[in-house]
Structure formats: C-alpha cells, structure tokens
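In this note's numbering, the protein residues as written are 1 to 310. All residues carry an ideal CB built from backbone N, CA and C; glycine is no exception.
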Amino acid sequence: RIDTLLTDDGKNRTNENIQQIILELVPNITKTSLKKLIMHARSIQKRIPTWFKQQLKQKREWKPNEIVRFHDDTNEIQYGIYHPDSLHQLRLTASGHGIPIGTPWSTNEWELDAEFTKVATWGTKAPQHHTAAIRGAQYETFPPNEGWITSRGDPIKLTDLTIRRMTLLFTNKTGPPSCQKKWDHILRSQIEWKKVWRTLQNAFANPYDTKTWFRLIHRGLRLNSNDKSVADKTCRLCQTTRESHAHLLTCSRLNELRRLVLKLLKDHLLRRRRPPEALRGQDLPRGELLANLQLAGSGVRSAPHAARRR
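This is the structure in structure tokens:
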C-alpha cells in the first residue's frame, strides 16, 4: 500500500515508520526479513515520481452525487451517495451496481476526510435507479478507470476504449501504405487513393470477396516474379512478358475479361463512355484502366443510387 511508503502529505516515511507499520501487519516477522522489506521499501520510495507525491498534497473535494465508501457503527464497509449535508446509503447488487435504500443520513457533524474514502467505478451504463458498477476504494483498485491520456494528450477512460476507438488511436500513427507511391510511379499518374480505398468498403462484397483486389492494390499477389521457388519469371498467361503486378493491368490475355467488366460498368453502374477497343492479342496502354477511366472507387458506391434513378 502507498501509505506504507508515503505520509498523507506525500513525504517519504522514515525507516522507523516503515518498521512500525510492517510489525503491525506481520508481528512474527524475522529481523532478517524485516530488514530486507525496509530496504525494498526505501528503493521503491526513490522511484515514486514527484507528480504522484504532489497529488497527495491536494485537498480532496467531495462533489454532490459522488459515490463514497465509509464504515458504519459496526465497522462494516458501506457505500453511499454523498449530497451536501447528507448521505444516502447504497445496497450493492451481485453485479456491483448500487441501489439507494432507506432515508438519507445527516453529515453536518461528520469530518468528511476522515469518514469518506474515494471510490472507483467502472463504466457509465447501469440499470434504472442504479449507480455505475462499484469496484471498491480507489487506493485498492487497479487499473484505475480515470486518469489516462492518449498519445495526443487527450484524457480518456478505460471504459471508453472500444475496439473502434483503439483501432483509430493506433492507425492514426501510421502513414499511407508504400504501395501508393509505387503505383503512382508505375502508372505515372496521380491516383485518387481515397476512391481506391473506398472500393474495399462497399455493400456488395465482404473482405473475402475483395481479397484479390486488396492484394493487388498492396502488391501482395503471389506472382512468378516474387516467388523464389519458381525459376521461370514470365507471365503464366501470355508467356511473353515478366509476370508482375503492373503487367496484370495490361496483359493481352485479359483483354476479353476487361471488355466484359467495362461493359458491365458502363451499362449498369458508371454510364461512362466505353474505352478505346483493344485488339485481340494486343496489350492495353499501361495505366489506361485505372488512370483514364478512373474506375477505382467510382462504381461500387454509386450503384444503389444509379439503380434507384432508373
């Protein structure tokens, strides 16, 4: 406990104070163990930061409707809701929520700092007429729910750390994927990457359906050019050019598939002009599919609206 090492005003306890506290807790302790514990306590005192000691010097404030812990006439631990000049006792449910019971007690003659103890709660959601879940006294509870800050310096509670919030906190530190700069260099065009990434978030497909497109964007497809176990690096489709992610965009053996996809996009989604027809067996100009037609991120989002307008 921190009060074994520090006084109420944040000062280090002396060896005599620490020894007295240890003997009260463990009367039958040996002299050797007692000496080791005192030395260990002194080493911990040196590592306690100054800001923590300064927190102990601050006078505690008791706010209206604050949940506090106290001891009743039989020295049993109880919890209550503090109001100015009164205290409403709480009964704890099996899940730790407090329910007000009885009539409030007057606290005009109470010494609040001596009678009350700060309480740690968890979360804000609770059944009707219930308090938040009570964890116990703050000095006995770890980790605390409050007092945390994000990497940006914003205060946050542990109960506010949803999966979405944590994902945003971690992903904000990262920059754009390196594949963006690589594709811009290969296609010699400034691609609208926001539209490209938006194609992975559509109502028509799940991540499994778009995994090939996802890997192509990130240049992560298994190709002959990046497979060390394959000696022949030529394209498995046309057998003429080195197989690469950039070549897949222009390979002549995929022209029929491109025509079919572009026709579907024109007729049902984009309603844009048809691209220059490529001759059978002839490669399309590099980058025409993405740079000129701007297919990335344009069609999937507009499909439901286009269907309703028809």
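Residue i, enclosing alpha helix (DSSP H) - first and last residue
i, result
"ALA114", "112–115"
"ALA41", "31–47"
"ARG198", "193–198"
"LEU90", "Where LEU90 is concerned, there is no enclosing alpha helix (DSSP H), although the beta strand (DSSP E) it sits in stretches over 86–92."
"HIS185", "178–187"
"GLN55", "50–57"
"ASN15", "15–25"
"THR167", "163–171"
Residue from the options with nearest C-alpha to residue i
i, options, result
"SER225", "ALA137, GLN239, ARG42, ILE134", "GLN239"
"TRP183", "THR107, LEU248, LYS57", "LEU248"
"ARG253", "SER244, GLN19, LEU237, ASP8", "LEU237"
"THR131", "GLY98, GLU115, GLY123, ALA137", "GLY98"
"ILE134", "GLU66, ARG165, HIS185", "GLU66"
"GLN180", "MET39, ARG165, VAL196", "VAL196"
"GLN78", "THR199, GLY136, SER229, VAL230", "GLY136"
"ARG188", "ALA246, THR103, GLN20", "ALA246"
"LYS46", "LEU5, LYS59, VAL68", "LEU5"
"ASN17", "ARG42, THR167, GLN54, GLN55", "ARG42"
"LEU23", "ASP9, ASN12, GLY10, ILE38", "ILE38"
"ILE2", "GLN55, LYS31, THR250", "GLN55"
"GLN128", "GLU146, MET166, THR117, PRO100", "PRO100"
"VAL119", "GLN138, TRP110, LEU25", "GLN138"
"LEU158", "LEU169, ARG152, GLU146", "GLU146"
"GLU61", "GLY96, PHE52, THR117", "THR117"
"LYS11", "MET166, PRO155, PRO49", "PRO49"
"THR7", "LYS31, LYS53, VAL26, THR30", "LYS53"
"ASN15", "ASN28, VAL26, ILE29, LYS36", "LYS36"
"GLY210", "LEU200, ASN28, GLN190", "Note that residue 210 is Thr in the sequence shown, not Gly. It is LEU200 whose Cα lies nearest to the Cα of THR210."
"TRP122", "GLU192, GLU256, ARG165, LEU161", "LEU161"
"ILE44", "ARG13, LYS59, LEU25", "ARG13"
Secondary structure of residue i, DSSP reduced to three states
i, result
"ALA307", "Model confidence at ALA307 stands at a pLDDT of 35, short of 50, so the residue's coordinates are unreliable; what they give is reported in the following sentence. ALA307 falls in the helix class under three-state DSSP."
"ILE2", "helix"
"ARG152", "coil"
"LYS157", "coil"
"SER106", "strand"
"ALA291", "Because the pLDDT at ALA291 is just 41, under 50, the model does not fix this residue reliably, and the value given afterwards should be weighed accordingly. Three-state DSSP puts ALA291 in a helix."
"SER298", "In this predicted model, SER298 has a pLDDT of only 40, less than 50, meaning its place in the structure is not dependable; the value taken from the coordinates is given anyway. Here SER298 sits in coil by DSSP."
"TRP213", "helix"
"THR124", "coil"
"LYS63", "coil"
"GLY281", "Here GLY281 scores only 47 on pLDDT, less than 50, and its place in the model is too uncertain to base an answer on."
"LYS118", "strand"
"ARG286", "For ARG286, the predicted model reports a pLDDT of 48, less than 50, meaning its position is unreliable and no value from the coordinates is stated."
"ASP9", "coil"
"HIS268", "helix"
Terminal residues of the beta strand (DSSP E) in which residue i lies
i, result
"ALA137", "133–137"
"ARG69", "66–71"
"ILE81", "77–83"
"ILE99", "98–100"
Short Cβ contact (8 Å threshold) for residue i with residue j
i, j, result
"PRO333", "HIS83", "Residue 333 cannot be examined here, being either before or after the span of the chain that is shown, 1 to 310."
"LEU223", "ARG215", "no"
"LYS57", "ASP9", "yes"
"GLU243", "LYS233", "yes"
"PHE70", "GLU115", "yes"
"GLN313", "LEU34", "A question about residue 313 goes unanswered here, because the residues of the chain that appear run from 1 up to 310."
"LEU169", "SER151", "yes"
"LEU90", "GLY80", "yes"
"ILE156", "ILE163", "no"
"SER106", "ASP73", "no"
"PRO176", "HIS218", "no"
Heavy atom of the ligand NAP within 7 Å of residue i beta-carbon
i, result
"ILE149", "As presented, the structure is devoid of all ligands, the ligand NAP included, so that no description of it is given."
Enumerated in chain order, which unbroken segments of the beta strand (DSSP E) with a length of 3 residues or greater are wholly contained in the stretch 219–261? none
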